[in-house]
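Chains as they are written, first to last, in the working numbering: chain R, 120 to 477; chain W, -17 to 310; chain V, 33 to 462.
All C-beta atoms, glycine included, are put in the ideal place defined by N, C-alpha and C.
Inspection log for the structure reproduced underneath, given as structure tokens.
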Amino acid sequence: MLYREAGDYKTSYVADSQTFPIKFDRYGYYILLGFAFLVMPLIINDYWANSIVVPFLIYAIAALGLNILIGYCGQLSLGTGGFMAVGAYASYKMMTAFPDLNIIFVIIIAGMVTACVGVLFGLPSLRIKGFYLAVATLAAQFFLIWLFTRTAWFYNYSPTGMISAPTREIFGVPVTGPRASAVSMYMICLCFLVASAWLARNLTRGSLGRTWMAIRDMDIAAEIIGVNPLIAKLTAFAVSSFLVGISGALLFTVYLGAAEAGEAFGIDKSFLVLFMVIIGGLGSIFGAFAGAAFLIVGPVLLKLLLVNSLGWPTDLAAHLEIMIVGALIIVFLIVEPHGIAALWRTIKEKLRLWPFPY
Amino acid sequence: MPDTLLFALEASLNGLTAGVMYALVALGFVLIFKASGIFNFAQGVLALFAALTLVGFQSGQIPFSHLINAMLGTRLHHFGWNMPTVLAIPATVLVMIGLAILVERFILKHLVNQEPIILFMATIGLAYFLEGFGDIMWGAEVKALDVGLPKGMSSAVDEATFAWFGYGFYIDRLEIWAAGIAAVLVAVLTVFSQYTKQGRALRAVADDHQAALSVGISLRFIWVLTWSIAGIVALVAGIMWGSKSGVQFSLSLIALKALPVLILGGFTSIPGAIVGGLIIGVGEKLFDFFMNPIIGGATENWFAYMLALIFLLFRPQGLFGERIIERV
Amino acid sequence: MKMTKLAATLAATMVVAGPTLADTLHFPSLSYRTGPFAAGGIPFADGYSDYLTLINERDGGIGGVPIRQTECETAYNTERGVECYQSIRNDNPLVLQPLSTGITYQLIPRTMEDGIPMHTMGYGRTSAVNGEVFNWTFNYPANYWDGASVIINYLLDENDGSLEGKKIALLYHNSAYGREPIPTLTRLGETHGYELVTIGVDSPGQEQGSQWLQIRRERPDYVVMWGWGVMNPTAIQEAANIRFPMENFIGVWWSGSQQDVRPVGSGAHGYKALAMHGTGMDYPIYDDMQQYVIDAGKYAGTGDEVGTVLYSRGMYAAMLAVEAAKKAQEIHGVAAITPAMMRDGMANLEITEELMAELGLPNFGPAFSVACENHGGSGAAMIQQWDAEAGEWNLITDWIEPDRDLIMEMAMDDSLAYAAENDITPACLN
């Protein structure tokens, strides 16, 4: 009824190629944005912000980044954790070397540094494909972590090798360090997420995105029709690592506050983000959000349910939790191999026709 | 002989034996990849699960006792008997076969004809599930695993090398045994796949699923068979690694050591897994030996991957992998 | 229908998350019973919980106020640690004990901001001994640098007062935790003239072939280990394999529990480790424990960890927390204390030998007192040795004092650097 294109006439090409061609979607999107920026800051409490919403926002950025690489360009990467560590350590070095630099620039520069590192480790992708590439990116993961734990310069020669984020302010409001309030943390992450999503969306539907998809669908064919695989693959690595680096920088500066490469950015982080992308749906911006939400909020809700409500022992609950997550992944793959995004598309198709499906 | 050379020789020998341990894990991957094109990430967890089950049977633990206790308020622990190893191993093998049937029944059957990445993800899901399941079933504490294999320095090697070079080499007896067992395993697998009916069917499926189906080979049976074999190989790897450092969660992480071996050897080649394992083992020990004074130790975690990466740049399909022919 | 029920339960959880019950004392436990370090986390959490249960069952709580225990699973993962912290921080947690150096580093600034005391017994940030900078963090009775110094003092004692020309290898877990003793051992090496070789093992550490080949080549006189999790049994196994003399192999207190030596079997015989407290069941408290907790079926976990080293450590941690709570009640004259009052109790804690005996734990831990300038207690520790035949740890020395002057000097430097970085003016709170 409400959800349909009928009567929604487009009079220009610009209007026709907009992100949300359906009015209902568009208004829904505006309302959601308004809610996220205006209402959420008023109602969010510390627990929700710190254990669910902020990590969700940060991981959604990482998932967006990885989705560009895997979903749009078809290059399987398992080095996400390592690239997040690059973002974190770059931001730490920037924060301590230039205390007056605004934190926003610190995070963006950290993203750029990560982009450079990403391009470097993306070079083998020109020759290696598929699972072989996935395992090759693991080299990046392990090497970077080793480098950060081994080289004292990266953690400013502190005796333990932990890095910790000093307090930084935006307009006099602390956004990092222990004094940062939940709302300020939420707002900075939200701004970065919205900007990243905007960037990702517009890049992927532009000519760059089309070259990525051409490479993904069949790289040799793409090469024959004139797509330069060198540029396409490396830009995908650069953009993807840029977003992943931003997410790593945010994770360290805003969320964790203190980190250690091996523990905070280990291989399990790479897998976590990969799951988000796949469960959410490859090649979909919405999928990155859905996947992050599913894997961040899901376990916390399960924990609340099993431990707090049912009073089960925490270890049983934790074991059950990973069993359930594992089983859910399998069920998802069986029911909808193309992720939550595909499910969403199906629902939308049904809605368009409802209530007259024939 | 100069000391450095002796030390390097010792390091390489240790690398060879360590390489066999990696190859044991890699074998399981190759078997499944060959038969079903699935990159089975759960192989490490399978090894952990097999070892946990074996220890559980040996010591007569009651499965799920913790869960039962939490739900019913009982205080169950052990049955109060110890199963001899000769019985416990076949029992574990049965469990692994049961697991293979369940995996086929509940996962693979539903994912026929999906893209490789989807199947890969499904095995990651399986890995998570089994990890939690194993812990609930047998408990998360460290367990000692002893199936009677000898451990410790081999005196024979020590004395022989001392007599020759004036410096006794160190080699772990457990790893010598591992090499022997790996050799037997590879021989058995080769004989099985070359000379038995099921083995031939297995190779047919590996070559071409549809062609195999059309001549009447049951794909589902073959899958159960492959996963059972992979489960048994996982049990062997679990016994070897578990005897080294006890059975516990970290055992599942050995899968990460097998990945570079796989790329080096190629996903589809059993000899590749062995040779890849040996190259990685020797490479990382020697690299650590020579580079340790310069860049510091603990390089094993990434060196194997770097070696594999450099190697891949020259031969993208691995040492023994089938040549990738691409058509538009 | 099912979904509605689930949703209703969830909604209910959200609403009641964190009921502030003023008439109980909330002792949270940030434990890890899963993940790669579960083997060490389980007995500690059991011991911590069992002691608190004992106090509730036997004494009816502390000063008449019952103890409320909550447990939150961190899996030794810093992000989960933060989540756990957030879920309890508004629930008047009296003292946090995360049993993880990584989580400790993360919580130090947060607890400082929120005014919640944290006790990191034998782990965490060593320079927290300077209570003027780290007002809310305590690490009595001993820290890593104490441990390193105690080991060196023990070795000095073994070698008639001189380690000149000796070679000591440090095998460490390549993480914040494992790197802690390096500065101390280096400094002490300059004083005592031994050569220090540091050998890192990457987490988790079940692959130590290269490291032990290196040890075999270097032929150190002693190997000191800072390990955790699977790294411990693997190292002990490898040491046995290369026939390194076990009595010259000394682990820190986190590398000296039953879980570490049992998988190795008879090869581990003679292995030594630091002990910051006594071990075994030969303490009167176990009579009460048996009666009130174990026979009553109120034990935590599976109940088969009772009396192990890490169980004893959890129990000791709980005991110190309870004594601090008593002290806080005494200072403030209030039975239902707040976290801020608890801090005062911890900052003025005094443990005497008589008190330990009275609690049924004679000579279990060292006598020490806490002050604002020194949040670290005495730093004394004992050495224990594993007897593989009997399957038990035996204490082979009395309390050994560390080189506290040097440690305080180093801790001063580090803590003042921290204070400068974070704009803290060092001062006592009261």
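When Cβ-Cβ separations below 9 Å define contact, A70 (chain V) makes contact with chain R. A contact between stretches requires three or more CB pairs, one per stretch, nearer than 8 Å, and the stretch 341 to 350 of chain V meets this requirement with the stretch 73 to 83 of chain V. Under the three-state reduction of DSSP, I289 (chain R) is assigned to strand. DSSP links I231 (chain V) through a beta bridge to V:L203. Residue-level contact check: P66 (chain W) does not touch chain R, since none of the beta carbons of chain R fall below 9 Å from its beta carbon. Among the residues facing chain R, E433 (chain V) is not included, as its CB has no counterpart in that chain under 9 Å away. Burial check for Y276 (chain R): the Cβ neighbour count within 10 Å stays below 16, so the residue is exposed. Linking Y303 (chain V) to A272 (chain V) through their CA atoms gives a straight-line distance of about 10 Å.
Following the DSSP letters along the chain, one finds G406 (chain R) inside the alpha helix (DSSP H) bounded by residues I404 to K422. Taking 7 Å as the Cβ-Cβ cut-off, the stretch 384 to 416 of chain R has no residue approaching chain V.
In this structure, DSSP gives L197 (chain R) a state outside helix and strand, which the three-state scheme calls coil. The beta carbon of P125 (chain V) sits closer than 7 Å to those of H58, P60, I148 and P371, all from its chain and outside the five residues before and after it, given in chain order.
Taking the beta carbon of P275 (chain W) as reference, no residue of chain R falls within 9 Å; the closest one sits roughly 14 Å away. R202 (chain W) sits exposed, since fewer than 16 C-beta atoms from the chains shown fall within 10 Å of its C-beta.
Within its own chain, the residues whose Cβ lies closer than 6 Å to the Cβ of V426 (chain R), once the five positions on either side in sequence are excluded, are T433 and A436, listed in chain order. Collapsing the DSSP output to three states places H60 (chain W) in a strand. Nearest CB-CB separation between A446 (chain R) and chain W: below the 9 Å threshold. Under the criterion of beta carbons closer than 8 Å, L318 (chain R) and L252 (chain R) do not qualify as touching, at roughly 24 Å.
Collapsing the DSSP output to three states places P68 (chain V) in coil. Annotation for F231 (chain W): L30, E113, D117 and A122 place their beta carbon closer than 8 Å to its own, counting only its chain and skipping 5 residues before and after. Residue-level contact check: I441 (chain R) touches chain V, since one or more beta carbons of chain V fall below 9 Å from its beta carbon. Segment contact: the stretch 116 to 135 of chain V against the stretch 261 to 268 of chain V, fewer than three CB-CB distances shorter than 8 Å; contact not assigned. L244 (chain W) counts as buried, since no fewer than 16 other beta carbons sit within 10 angstroms of its beta carbon. Taking all protein chains shown into account, F224 (chain R) has fewer than 16 neighbouring C-beta atoms within 10 Å of its C-beta and is therefore exposed. Non-local C-beta neighbours of H205 (chain V) in its own chain, meaning closer than 7 Å and more than five positions away in sequence, comprise V233, S235, G237, W258, G259, W260 and M263, ordered along the chain. From the listed residues V:G92, V:I94, V:Q101 and V:P141, the smallest Cα separation to V114 (chain V) is found for V:P141. The stretch 117 to 191 of chain V is shown to contain whole alpha helix (DSSP H) runs of 4 or more residues at 133 to 146 and 176 to 190, in chain order. Taking the Cα of L101 (chain W) as reference, the smallest distance to any Cα among W:I89, W:V187 and W:A290 is reached at W:I89. Using a CB distance cut-off of 9 Å, G409 (chain V) does not count as an interface residue toward chain R. DSSP, reduced to helix, strand and coil, places W431 (chain R) outside both helices and strands of the structure shown, so it counts as coil.
When the Cα atoms are used, E111 (chain V) and V296 (chain V) turn out to be separated by approximately 33 Å.
At a cut-off of 9 Å between beta carbons, V114 (chain V) contacts chain R.
A378 (chain R) sits buried, since 16 or more C-beta atoms from the chains shown fall within 10 Å of its C-beta.
Using a CB distance below 8 Å, the part of the stretch 101 to 112 of chain W facing chain R consists of F102, M103, A104, I106, G107, L108, A109, Y110, F111 and L112, ordered along the chain. Between F15 (chain W) and M442 (chain R), the CB-CB gap reaches or exceeds 9 Å. The stretch 374 to 446 of chain V contains, as complete alpha helix (DSSP H) runs of 4+ residues, the segments 385 to 390 (chain order).
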